[in-house]
Each structure stands twice: as C-alpha cells, then as structure tokens.
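The structure under discussion appears below in the form of structure tokens.
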Amino acid sequence: MRLPPYACHCTDCQTRTGSAFSEHMLFAERDITLEGPVKAGTMVQPSGAVSTIHGCETCLARIYATNDRNPGFGSLRCGTLDNSALLEIHAHFWVASKQPWIILPPEAKTHQTQPDTSSGWVAFLTGTD
C-alpha cells in the first residue's frame with residue numbers, strides 16, 4: 022500500500038532539508054525494498070514519538086523513517102526515488118508554519134498541522150475524511 026505524495030511544511034522538515042518543505046509518501050513498511058547499504062538511527066520527535074531514520078550509508082541521504090506511534094507505516098522521501106518528477110503532491114501538511122512566500126492554489130488540500138493517527142493520515146490523503 023502506498024498513499025499519495027504530500028508536502029510537509031513543518032519547521033523540522035525545513036531545518037532537516039535546508040528547504041521550505043519536504044515531499045513524502047506514506048507506505049506499508051512491509052512493501053519497501055532497499056538496495057545497497059542502509060544505516061539507521063533513532064531520534065525523539067518534538068511530540069515525544071520515537072522515529073527511526075533509515076538512510077543511505079554511502080551518501081547519508083535520508084530515505085525513509087518509521088515512527089513508534091504509527092507502527093507498520095513508513096514515510097519515504099520522494100526525492101530519493103528514481104522518477105520523483107512523475108509524482109504529484111496531493112496534500113500539504115503543517116501549513117500553519119509554511120513559508121509566507123509559498124502560495125498554495127485555493128483548491129489545495131491542506132491541514133494546519135497533521136492528523137494524530139495512522140487512520141487519520143490515510144483518511145486525509147485518500148479523501149475519506
């Protein structure tokens with residue numbers, strides 16, 4: 022299972038990427054296969070959740086992360102895919118902290134912060150909320 026790509030405008034993503042937002046896709050962790058050496062590390066999020074970050078051991082790029090509050094799901098960085106240009110952003114999270122110069126289209130699906138549960142993410146991204 023893979024959910025539609027989304028942009029995250031939270032200040033953590035802005036800091037970690039050195040950019041205004043990051044692009045992600047949620048997926049069932051059992052469905053991902055990585056090639057090459059991977060290094061993992063853990064970090065505590067501002068919410069208190071513990072994330073495990075999985076990255077390329079060679080270039081140190083973050084590939085995906087898992088979170089103890091959403092077991093079985095992973096968040097893949099879209100830019101790590103071979104054909105990320107083919108993806109279309111379906112939603113924007115943390116628009117409360119987006120850069121003011123980013124103008125979203127009026128029809129954009131937005132969330133001021135983010136859903137609290139895995140089922141909330143699925144519902145929001147699939148339009149069943």
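Final position of the sequence shown in my numbering is 150; the numbers increase by one with none missing.
Glycine residues also receive a C-beta, built at the ideal position from the N, C-alpha and C atoms.
Please return the same chain residues whose Cβ sits closer than 7 Å to the Cβ of residue i, not counting the five positions on each side in sequence.
| i | result |
| --- | --- |
| Cys29 | Phe42, Ser43, His45, Phe114 and Trp115 |
| Gly148 | none |
Please classify residue i: is it buried, with 16 or more other beta-carbons within 10 angstroms of its beta-carbon, or exposed?
| i | result |
| --- | --- |
| Trp142 | buried |
| Thr87 | buried |
| Leu107 | exposed |
| Arg51 | exposed |
| Ser96 | buried |
Just to confirm before moving on: does the CB-CB distance between residue i and residue j stay below 8 Å?
| i | j | result |
| --- | --- | --- |
| Gly57 | Cys77 | yes |
| Leu55 | Leu146 | no |
| Ala117 | Gln133 | yes |
| Phe94 | Ser139 | yes |
| Pro26 | Cys99 | yes |
| Arg90 | Ala70 | yes |
Give the secondary structure of residue i by DSSP, where H, G and I count as helix, E and B as strand, and everything else as coil.
| i | result |
| --- | --- |
| Leu81 | coil |
| Glu50 | helix |
| Ser105 | helix |
| Gly62 | strand |
| Thr32 | helix |
| Thr38 | helix |
Using a Cβ-Cβ cut-off of 6 Å (strictly less than) and excluding sequence neighbours within five positions of residue i, which residues of its own chain qualify?
| i | result |
| --- | --- |
| Ser72 | Met64, Gln66, Ala86 and Asn88 |
| Gln120 | Ala41 |
Which residues does DSSP pair with residue i in a beta bridge?
| i | result |
| --- | --- |
| Ala112 | Tyr27 |
| Leu125 | Note: Leu125 sits in no beta bridge, so no partner. |
| Ala86 | Ile74 and Ser96 |
| His45 | Tyr27 and Arg98 |
| Thr149 | Answer by DSSP bridge pairing: none, since Thr149 is not bridged. |
Less than 8 Å between C-beta atoms, sequence neighbours within five positions excluded: which residues of the same chain meet that for residue i?
| i | result |
| --- | --- |
| Asp33 | Gln66 and Pro67 |
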